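Notes follow the structure.
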Amino acid sequence: MPVLKNREDLAHLRTSAKAKLKEKTISGATIFIGMGTCGIAAGASDVAEAVRTELAARNLDTEIVSVGCIGTCANEPLVDIQLPGKPRVTYAKVTPKMVPCIIDEHLVKEQIIKKWAFAQLTNGTGSAEDGLTTYDEHPFYRKQVRIALRNCGMIDPESIDEYIAVDGYRALAKIVNEMDNEDVIDEMKDSGLRGRGGAGFLTGVKWEFCMRARGYPKYVICNADEGDPGAFMDRSILEGDPHAVIEGMAIAAYAIGAPEGYIYCRAEYPLAIERLKKAIAQAHEYGLLGENILGSDFSFELKVKEGAGAFVCGEETALIASIEGKRGEPRPRPPYPAVSGLWGKPSNVNNVKSYAITPQIMLKGADWFSSIGTPRSTGTAVFALTGNIENTGLIEVPMGITLREIIYDVGGGIPKKKQFKAVQTGGPLGGCLPVDALDTPVDFDSLTEAGATMGSGGMIVVDQDTCMVEFARYFLTFASAESCGKCVPCRIGGQRLLEVLTRITNGEGTLEDLDEIEYISEYMSEGSLCALGQLTPGPVIASLRFFREEYEAHIKENFCSAGVCAGMFTYEIEAELCPGCGLCVKACTSDAITGEKKQPHVIDQSMCIQCGACYQVCKLGAILIKRKHEIVPLETA
Amino acid sequence: MATVNISVDGKKIQGETGQTVLQVAREAGIYIPVLCDHPALPPEGACRICLVEIEKQGTLQPACTFPATDGLVIHTNTERVRASRKFNLELLISDHPLDCMTCEATGDCLLQDLAYEYSVEGDRFEGTKHHYSINDPNPFIQVDRNKCILCRLCVRACREINGVEAISVFYRGFGAYIGFGADSHMADSPCEFCGSCVAVCPTGALWPKMSLGKGRPWEVERIQTTCPYCGVGCQIILEVKDNEIIKVDSAWEGPSNHGWTCVKGRFGWDFVHHPDRLTQPQVRRYLLEGSQPKPGPADRHPEVAGDPWEWVETDWDTALDITAQKFRQHRDESDPRSVGVLTSAKCTNEENYLMNKFTRQVIGTNSIDHCARL
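Line by line, the protein sequences are chains A and B.
Its first residue numbered 2, the first sequence is counted upward by one per residue in the numbering used here.
Its first residue numbered 371, the second sequence is counted upward by one per residue in the numbering used here.
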């Protein structure tokens with residue numbers, strides 16, 4: 002590959018790459034397979050194999066492109082068929098068995114199989130086919146604005162040419178030719194971009210601190226140690242569009258004056274690491290990394306450092322310690338990394354999403370970016386939408402959208418006609434919000450005000466079958482296990498808090514325990530060294546605030562209304578609702594249910610082990626979660 | 371160094387750029403309690419006891435790490451600060467054995483002092499307590515992890531003072547503990563038993579095995595002295611009870627060692643009161659009596675009184691006279707080169723220099739060597 006010596010070289014390459022990409026869509030058919038980790042986990046490798054076998058059997062040489070995650074993880078594996086001059090049609094939940102049919106009908110006979118098709122993407126390649134929704138109109142995508150995820154699932158993440166064809170590295174070429182470092186920082190500040198790692202500090206201001214700090218060399222660091230349970234925003238970007246992150250980091254390095262950078266990526270993301278390394282090598286070959294980038298004075302080297310699996314290494318000072326080869330533990334700030342970071346030198350740490358957004362801001366301008374979102378939280382927010390929701394997946398929405406819109410419009414609501422109960426934002430250190438808060442706008446300040454946090458982008462929706470005490474206990478178990486053990490409030494406080502919650506879910510809690518929760522939480526937040534310890538009580542405090550009656554029911558009535566905490570509820574059949582279908586009898590693992598056919602059934606409580614099998618199978622909701630008849634009065638209650 | 375002016379509890383004090391709030395306060399004689407800080411070691415910010423209220427800072431800040439900058443207004447003893455400290459002490463005590471009656475460190479334990487100062491009760495939090503075995507089979511240091519508060523002073527002392535890094539933290543969260551080498555015993559680790567870790571440990575977690583049960587801190591007289599083991603002249607503090615040494619502590623002001631000692635200085639004091647120790651010069655009976663000719667090996671009868679080879683206690687003058695006489699005899703009557711001299715590391719440089727002069731000029735031989743070369 003030729004080294005790009007200047008902006009014009011890049012422009013030539015872009016023109017030819019664009020032409021090549023267009024040619025692909027006009028002259029030849031292409032099959033795109035979603036090969037992100039989510040796709041592979043859903044079976045995309047087998048599907049890809051089936052596609053190859055089928056093509057070989059039919060002697061077709063159709064090009065297969067492996068793309069990253071397009072976001073609709075609930076529908077993986079995804080296979081797109083692009084016929085020349087036709088829209089790109091996505092097939093959802095593809096199994097190897099469906100492959101021959103898809104190839105036969107769509108690729109060969111050019112007939113879309115509408116019952117399997119998910120959506121179509123027109124993208125200037127022919128007019129939309131009737132009877133199939135376009136991506137723009139699809140409920141999952143309609144309210145989305147994709148900036149950080151713009152290329153995910155669209156281009157081949159392993160091809161730098163495809164990235165360049167979609168205006169990749171154009172922002173870098175622009176800044177090294179037209180802007181000095183202060184211009185770049187001003188642009189960032191004007192854009193109002195707040196750090197997407199969770200704290201929401203103004204990125205431009207952070208860069209400026211680092212730029213003005215004395216010391217050499219300086220470092221730019223990408224925090225890709227995404228560790229929240231149920232979060233996969235950063236992974237999807239690294240797997241689906243690694244060059245965007247590299248370009249964003251190069252821009253930050255130019256602004257700050259850093260000759261070197263590190264991407265700290267957790268080792269549990271092997272595919273992301275592989276693609277990153279490949280992308281860095283490709284950027285090197287084109288001279289987009291290394292010495293004198295695009296013929297300028299600017300030089301920048303980038304390395305990938307694999308994390309060893311500690312959640313706390315997502316905290317910037319712990320991350321830096323880990324890069325240095327030390328035990329991954331935070332240290333008190335100040336001094337902040339912008340003054341004394343990696344090896345004591347000024348360092349700038351940003352999240353994957355912040356860097357992925359950066360090139361777009363440089364290219365389209367701060368005004369464009371700040372026109373999206375709200376005045377104090379500009380741009381878009383990326384969420385990994387998971388839990389009890391129809392459309393699990395990766396979404397990018399403008400800031401200011403309400404939780405209700407995300408959950409019901411984008412997310413498609415709660416499955417199985419169950420009731421929404423809470424939504425947890427901010428990951429294991431965030432907080433849950435109840436149904437009353439559904440109209441809260443999603444931005445940094447509103448979420449914090451409502452009692453949750455923006456966090457890095459995990460959004461977990463739970464329905465009526467979730468016990469909020471157990472839910473809080475789950476996150477607390479995670480956070481306390483991930484405490485590094487350095488400071489006292491987090492090391493021992495987390496353990497003590499977990500013990501209180503465990504007492505309550507075991508039916509041994511007292512009302513004083515609720516005061517104890519508040520006491521421990523207050524001082525853990527006050528005294529802990531880093532955000533991990535300070536925010537560990539977050540989910541507990543939020544759930545206690547919004548679902549106090551559930552805590553009290555556990556304590557006073559020994560009752561878990563969600564039917565989760567063992568021994569704290571019974572299943573009963575509501576005679577009026579039971580048609581006597583017998584499904585529950587078949588499902589019952591302990592022969593506890595009896596009844597005549599077409600007559601209401603009964604559960605023998607002495608036999609029932611509360612496994613929940615009947616509750617799950619009953620289609621009519623005739624099985625109810627009830628208090629145990631014998632309520633043990635608590636002396637303290 | 372530029373001067374910085376800060377205000378602590380309404381008192382205007384001065385420090386230098388680069389100092390922490392704790393350092394400046396300490397120099398001004400203002401007390402801020404802390405468990406994980408030691409003036410000889412870099413700060414850690416782990417114990418959260420030195421939290422103070424700094425105006426314009428949202429959260430409480432650890433005085434031990436917060437850089438002193440011009441204009442800081444600091445409150446070290448507000449209700450908020452005290453409540454936070456008390457909480458942290460309650461947590462520490464909730465995972466700590468409450469055996470102060472028999473604990474070696476009683477009276478010399480920062481945790482105990484602070485628990486008293488903040489009226490911390492032992493049963494504030496009920497929950498899991500660690501029960502580590504106390505079985506480190508080394509000859510010098512008792513390791514009781516149950517009493518460890520993970521202040522990491524030992525980790526830093528090992529790294530910063532002795533430069534060995536034998537101690538580190540293993541595992542994380544509530545399961546974190548102090549370990550040695552690759553999580554083995556102290557003796558299997560790179561540990562050199564300098565005992566710096568023992569000197570900085572604020573509780574009874576690390577204690578000299580030789581001092582166990584020997585006495586309480588208030589019973590001892592602390593005497594600063596020079597270590598007798600070599601010529602470096604390390605300062606040490608002998609803890610003496612009833613005229614008997616029971617422990618050696620670090621003398622942090624010692625100009626040549628700044629508190630550091632080697633294994634001998636810290637743990638090699640048991641010779642002082644050892645029954646086998648020679649307290650008077652001894653000479654072979656035949657030398658004392660001047661018997662001629664010199665008795666042979668066949669004349670050796672240890673079981674018989676008056677054995678010519680028997681060691682007999684005498685005074686220094688006699689012993690030195692005999693030694694001088696024998697030196698002279700060998701130099702004059704046979705070849706001076708039949709004499710060889712071996713000097714000791716326990717001698718000072720000056721003493722070794724004199725022995726060198728004596729050997730070469732007085733005796734007339736070059737056969738002089740030093741134990742450090744062996």
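The beta carbon of each residue, even a glycine, is placed where N, CA and C say it ideally should be.
For clarity, every value in this text was computed on a predicted model and none was experimentally measured.
Counterpart residues of residue i in DSSP-defined beta bridges
i	result
residue 64/A	31/A
residue 53/A	None; residue 53/A has no bridge partner.
residue 550/A	BP columns for residue 550/A are empty, so no partner.
residue 82/A	32/A, 90/A
residue 523/A	BP columns for residue 523/A are empty, so no partner.
residue 605/B	596/B
residue 554/B	550/B
residue 423/B	445/B
residue 591/B	610/B
residue 740/B	713/B
residue 385/A	395/A, 459/A
residue 540/B	547/B
Coarse secondary structure for residue i, derived from DSSP in three states
i	result
residue 59/A	coil
residue 262/A	strand
residue 208/A	helix
residue 379/B	coil
residue 613/B	coil
residue 40/A	helix
residue 223/A	strand
residue 638/A	Its pLDDT being 43, under 50, residue 638/A is placed unreliably by the model, and nothing is read from it.
residue 404/B	coil
residue 267/A	strand
residue 373/B	strand
residue 168/A	coil
Supposed contact pair residue j and residue i - C-beta distance, whole angstroms, cut 8 Å
i	j	result
residue 262/A	residue 303/A	5 Å
residue 556/A	residue 462/A	Residue 556/A to residue 462/A, Cβ: 27 Å. No contact.
residue 395/A	residue 234/A	6 Å
residue 398/A	residue 411/A	7 Å
residue 572/B	residue 617/B	About 16 Å separates the two Cβ atoms, so there is no contact after all.
residue 346/A	residue 175/A	Not really, about 28 Å apart at Cβ, beyond 8 Å.
residue 540/A	residue 433/A	6 Å
residue 533/A	residue 483/A	7 Å
Beta-carbon proximity of residue i to residue j, cut-off 8 Å
i	j	result
residue 619/A	residue 594/A	no
residue 699/A	residue 403/A	The question about residue 699/A has no answer, for chain A in this structure spans 2 to 638.
residue 542/B	residue 485/A	yes
residue 149/A	residue 294/A	no
residue 531/A	residue 331/A	yes
residue 567/A	residue 611/A	yes
residue 631/B	residue 597/B	yes
residue 456/A	residue 199/A	yes
residue 566/B	residue 621/B	no
residue 226/A	residue 429/A	no
residue 560/B	residue 536/B	yes
residue 543/A	residue 458/A	no
residue 255/A	residue 182/A	yes
residue 512/A	residue 498/A	no
residue 438/B	residue 391/B	yes
residue 357/B	residue 404/B	Residue 357/B is absent from the structure shown; chain B starts at 371 and stops at 744.
residue 383/B	residue 398/B	yes
residue 244/A	residue 161/A	yes
Taking only runs that begin and end inside the segment 437-481 of chain B, name each unbroken beta strand (DSSP E) of 3 or more residues, in chain order.
-> DSSP runs (the beta strand (DSSP E)) wholly in the segment 437-481 of chain B: 443-445.
Along the chain, which unbroken stretches of the beta strand (DSSP E) at least 3 residues long are found entirely within the segment 493-538 of chain B?
-> As far as the segment 493-538 of chain B is concerned, its whole beta strand (DSSP E) runs of at least 3 residues are 511-513.
Any beta strand (DSSP E) of 3 or more consecutive residues that is wholly inside the segment 619-701 of chain B | DSSP runs (the beta strand (DSSP E)) wholly in the segment 619-701 of chain B: 652-654, 681-683.
Length at least 3, wholly inside the segment 271-312 of chain A: the beta strand (DSSP E) runs in chain order = If we require 3 residues or more, the beta strand (DSSP E) runs fully inside the segment 271-312 of chain A come out as 302-308.
Tell me the start and end of each unbroken alpha helix (DSSP H) in the segment 172-199 of chain A that is at least 4 residues and wholly inside, in chain order.
-> Look at the segment 172-199 of chain A and you find these whole runs of alpha helix (DSSP H), each 4 residues long or longer: 182-192.
Quick one: which unbroken beta strand (DSSP E) runs of 3-plus residues sit fully inside the segment 601-633 of chain A? Chain order, please.
-> The segment 601-633 of chain A contains these whole beta strand (DSSP E) runs: 624-627.
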